[in-house]
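Read top to bottom, the protein sequences are chains A and B. Per this note's numbering, the first sequence runs over residues 1 to 300. Per this note's numbering, the second sequence runs over residues 1001 to 1190.
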Amino acid sequence: MLLNEVIIPILGPAFFAGILWLAVWGPWRTAPAEHESPTPIQHASLALALGVGLLLGYLKLAGWPPFPAKTASQWLALLAIAWAVLGYGVALLEAKRGPRMAVVAALALIGGALQSQVLMKHTWSVPVSVLWLAVFAVLVLLASEALSHAARRQGGASAPIAGMLGAMGLFGSMLLSYSAFLGQLSAMLVSMMGAAVVVSWISKRFTLAGPGVTVFYVFYLSLIGHGYFYSTLPGWTAILLALAPFASVAASLPAAWPQRSWKAFFVSVLLSGALAGGATYIAYAARMAKVAAGGGSEGY
Amino acid sequence: MKILQTVVLSLLMTVLVLPAARAAEVFTVDAVHSVVGYKIGHNQVSNSYGVFTGISGTVSVDEAEPLNSKVNIEVKADSVNSYNADRDEHLKGPDFFNAKQFPVITFASTSAKKISDTEYEITGDLTLLGTTKSVTAKVAYLGTGTGRDGEALLGLEAKLNIKRSDFGMTYGIPMVGDEVELTIAIEATK
């Protein structure tokens, strides 16, 4: 059980992503020096590793999803293929900002609609559906631009650690919100961000920017949505978690701090950790309130 | 001439179809006196029991041809009650019944077989988590009667076993069993 439900599906994606990133970004590569831009193949490897990694973990846990998918998490697994392929293609073709943002927005809208189609059909009014899709797409676009900028400015482990802390908060909050499966999917993000931290220590050139940070945030935001809409993730937990990765952007704002500043790194880690910790605490308090309301018998 | 043909045809249809329509009596499931119970293995050593209380539907009884009778049942997934509020929240979530995405569990009979005067085998389509499978239930016909307000009453009790993994509900197997024994106790009124 531990092997099939924890070790292989959760650590497997991290091994896959880590090995792929090391092969492409490893310090033995003769490609650009630390201050130069990553090559298109390096950028492409970020999206590919995250998309394929999530799919592999999902397949181990739940098998191939049907097409068309029946549940939001099945759609997420299918969308992982789309994000991996498109992220890879966009990076490889070195698409300019306009077309790149158009692709990201289109995929965010389609992905958001597919994952919330049950609610859009039966529960939400048209304005609510439009509002949710707009929020989803705007957050993904913001992440693709702002998180990328912050990751490039701070470099190294900063963005992966902020992502990992957010995903750890998501993992804990999902377990507290009665969803082990969504917790397992969140744990895949934690482990893949962990792999990114390790790779960033081995290869100083490694930067989780561009399609890498976009694909991570899409999965992360999608899971927050699943937890909030289909499980019992509290609203404030969802909001704090959605904001946690943006801690790296806040830490990049002081213009006086130089690139790869230790101050920015610590502020980013502290802020994202505080947001993720606060989000988890709210989920814990909500769980305890439910337990108390149900007669005080926790655990089963 | 055409008008005459139409009138004759209409009269013939009325004569032929009405008795058949009258033969099927439709009873409505009384949610207050009906329940779906389940029994499922726990930790591979014991059984855990619970109920669904949000049940509705119809039982269409064809007295002339009992095997043509129909049963249509709907159960609200979020009405699950395992006698532990904390566990109920988990059961309603994505790991088990995924009640927000699949709010209703349905059963629609497709055929029936008589075993004795009070026992039938009813085969039908069970839809759970968006997956439909054909299942067969052993149904005890408990009889008919009259309620306090003069309404006609009908009692049925059905038992069937399913594998939840057949419907894509695989969380926790084998610590939480795969095979589930269901008892559907219905009191219907007309």
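Virtual Cβ for every residue (Gly too), placed ideally from N, Cα, C.
Between PHE229(A) and LYS1100(B), the beta carbon gap of about 7 Å places them in contact (Cβ cut-off 8 Å). Secondary-structure assignment with DSSP links SER1082(B) through no beta bridge to anything. A distance below 8 Å between beta-carbons, with the five flanking residues on each side excluded, links PRO40(A) to the following residues of its chain, in chain order: ALA91, LEU92, LEU93, GLU94.
Residue nearest to VAL1032(B) within the set TYR1141(B), ILE1055(B), ARG1148(B), ASP1095(B) is ILE1055(B) (criterion: CA-CA distance).
Under the three-state reduction of DSSP output, GLY1145(B) falls in the strand class.
Between GLY1130(B) and chain A, the shortest Cβ-Cβ separation is below 7 Å. Its chain contains GLY18 as the residues whose beta carbon lies nearer than 7 Å to that of VAL198(A), once the 5 sequence neighbours on both sides are disregarded; these appear in chain order.
Contacts between GLY1143(B) and chain A, judged by CB atoms closer than 8 Å, are missing: the closest CB pair is about 38 Å apart. Here ASN4(A) carries a helix assignment [DSSP, helix/strand/coil]. Along the length of the stretch 1089-1124 of chain B, whole alpha helix (DSSP H) runs at least 4 residues long do not occur.
Following the DSSP letters along the chain, one finds LYS60(A) inside the alpha helix (DSSP H) bounded by residues 40-62. In the pairwise beta carbon analysis, the stretch 1080-1092 of chain B is classified as not touching the stretch 1111-1118 of chain B: fewer than three pairs are separated by under 8 Å. When C-alpha distances from LEU46(A) are compared across TRP21(A), ALA157(A), PHE171(A), THR237(A), the shortest belongs to TRP21(A).
In this structure, DSSP gives PHE1052(B) an extended state, which the three-state scheme calls strand.
For SER1060(B), the pairing in a beta bridge is given by DSSP as VAL1026(B), LYS1070(B). Counted as a single uninterrupted DSSP element, the beta strand (DSSP E) harbouring VAL1176(B) occupies residues 1176-1189. Each of GLY89(A), VAL126(A), LEU165(A) was checked against the Cα of ALA279(A), and the nearest Cα belongs to LEU165(A). The beta-bridge partner set that DSSP reports for VAL1036(B) consists of PHE1052(B), ILE1184(B).
Residue environment: ILE81(A) is assigned as exposed (fewer than 16 neighbouring CB atoms within 10 Å of its CB, all protein chains considered). The C-alpha of GLY155(A) is placed about 6 Å away from the C-alpha of ARG260(A). Residues of the stretch 1049-1082 of chain B that bring their beta carbon within less than 9 Å of a beta carbon in chain A comprise SER1082, in sequence order. Counting along the chain, LEU22(A) sits inside the alpha helix (DSSP H) bounded by residues 12-25. Close to ASN1098(B), with beta-carbon spacing below 8 Å, are these residues of chain A in chain order: THR71, TYR230.
Judged by DSSP secondary structure, ALA69(A) falls outside any alpha helix (DSSP H); it is assigned neither H nor E. Exclusion of the five residues before and after ASP1095(B) leaves TYR1171, GLY1172 as the residues of its chain whose Cβ lies within less than 8 Å of its Cβ. Annotation for LEU1129(B): ASN1098, PHE1102, PHE1167, GLY1168, MET1169 place their beta carbon closer than 7 Å to its own, counting only its chain and skipping 5 residues before and after. For LEU1156(B), the enclosing beta strand (DSSP E) starts and ends at 1152-1163. Boundaries of the alpha helix (DSSP H) around TRP132(A): 126-142. Scanning chain A for C-beta atoms nearer than 7 Å to the C-beta of GLN1101(B) yields THR71, ALA72, VAL118, TYR230, reported in chain order. Collapsing the DSSP output to three states places THR214(A) in a helix.
Ranked by Cα distance from LYS1138(B), the options ALA1024(B), PRO1174(B), SER1111(B), GLY1057(B) are led by SER1111(B). Here the stretch 219-227 of chain A makes contact with the stretch 179-193 of chain A; the two share three or more CB pairs at distances below 8 Å.
Among the residues facing chain A, HIS1090(B) is included, as its CB has a counterpart in that chain under 7 Å away.
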